[in-house]
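Participant:
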Amino acid sequence: MLTIILFSLLVLISYILGCFSTAKLLAKSYRNMNIYKIGTGHPDTLNIFNNVDKFLGVITGVVDIGKVFFYLAFLKVILFSDNFIKLLPELSEISSQNHLLIIGFAMIIGHCFPITHKFKGGRGIFTYIGFLLFFAPWSTMIVCFLAAILVIFFNQIRFSQYMIVMLTPFINFFFSGGKEFLAKMFIAALLMGVMNYLVSKKLGEI
Numbered sequence: 249m250l251t252i253i254l255f256s257l258l259v260l261i262s263y264i265l266g267c268f269s270t271a272k273l274l275a276k277s278y279r280n281m282n283i284y285k286i287g288t289g290h291p292d293t294l295n296i297f298n299n300v301d302k303f304l305g306v307i308t309g310v311v312d313i314g315k316v317f318f319y320l321a322f323l324k325v326i327l328f329s330d331n332f333i334k335l336l337p338e339l340s341e342i343s344s345q346n347h348l349l350i351i352g353f354a355m356i357i358g359h360c361f362p363i364t365h366k367f368k369g370g371r372g373i374f375t376y377i378g379f380l381l382f383f384a385p386w387s388t389m390i391v392c393f394l395a396a397i398l399v400i401f402f403n404q405i406r407f408s409q410y411m412i413v414m415l416t417p418f419i420n421f422f423f424s425g426g427k428e429f430l431a432k433m434f435i436a437a438l439l440m441g442v443m444n445y446l447v448s449k450k451l452g453e454i
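Mapping of the sequence shown onto my numbering: position 26 corresponds to residue 274, and the numbering continues sequentially without gaps.
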């Protein structure tokens, strides 16, 4: 019972952390702007970059990537360390890769559908990159490099986002442990696609 409570608490904390919009906070502190009334209305990195300030957009993206990556790293290295598990043995039962995947994805859900902002969030692509970077660093860096080329030289922003979501599992297949992880990565990619569809539909884009 305690194991279920601890895991549920971590998932809830992850969701709440995801609800704090970096784009909204930075736009508000920078020029007292309401990000929901600017550009696309998305509280996300791309809207900040295109319609507020490019440097601030870069900062927003870096923070969105880092908040997931370092949160999961904290859980794995600190909370799920031998010292904490000795104090609370139930932690060992929720420290597997599968548990971390669910905990991490809860933060992405919070970013896309924040209860603090009436479930009106961003697309979560940079938050998702932080998620991927933790579980599949090499394949994520390769795909992000290719995506950056598409954006810089061909201005293919939307296609690069799709590529990050869908291509990373394929690339990770060729790395150690990639075969076993492939199905989980595709499930995450599918869920990410569904959430982006719902976000776009909520904003009347489709």
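In this text, a Cβ means the ideal position worked out from N, Cα and C, and glycines have one as well.
If I measure Cβ to Cβ from glutamate 341 and keep anything under 6 Å in the same chain, skipping five residues before and after, which residues do I get?
Facilitator: Excluding positions up to five away in sequence, the list reads Thr251.
Participant: Which of helix, strand or coil does DSSP assign to histidine 290?
Facilitator: Three-state result, histidine 290: coil.
Participant: Rounded to the nearest angstrom, how far is the Cβ of alanine 437 from that of proline 417, given a contact under 8 Å?
Facilitator: Going by Cβ atoms, the distance from alanine 437 to proline 417 rounds to 6 Å, so yes, they are a contact pair.
Participant: What's the C-alpha gap between tryptophan 386 and asparagine 346?
Facilitator: Distance between the alpha carbons of tryptophan 386 and asparagine 346 is about 20 Å.
Participant: Would the beta-carbon of isoleucine 356 fall within 8 Å of that of tyrosine 376?
Facilitator: Taking 8 Å as the Cβ cut-off, isoleucine 356 and tyrosine 376 qualify as a contacting pair.
Participant: Is glycine 441 buried or exposed, if buried means 16 or more other CB atoms sit within 10 Å of its CB?
Facilitator: With fewer than 16 Cβ atoms within 10 Å of its Cβ, glycine 441 is classed as exposed.
Participant: Can you say whether lysine 315 is buried or exposed, counting buried as having 16 or more other CB atoms within 10 angstroms of its CB?
Facilitator: Counting Cβ neighbours within 10 Å, lysine 315 comes out buried, since at least 16 surround it.
Participant: Alanine 384 by DSSP, collapsed to three states: which one?
Facilitator: Note: alanine 384 maps to coil in three-state DSSP.
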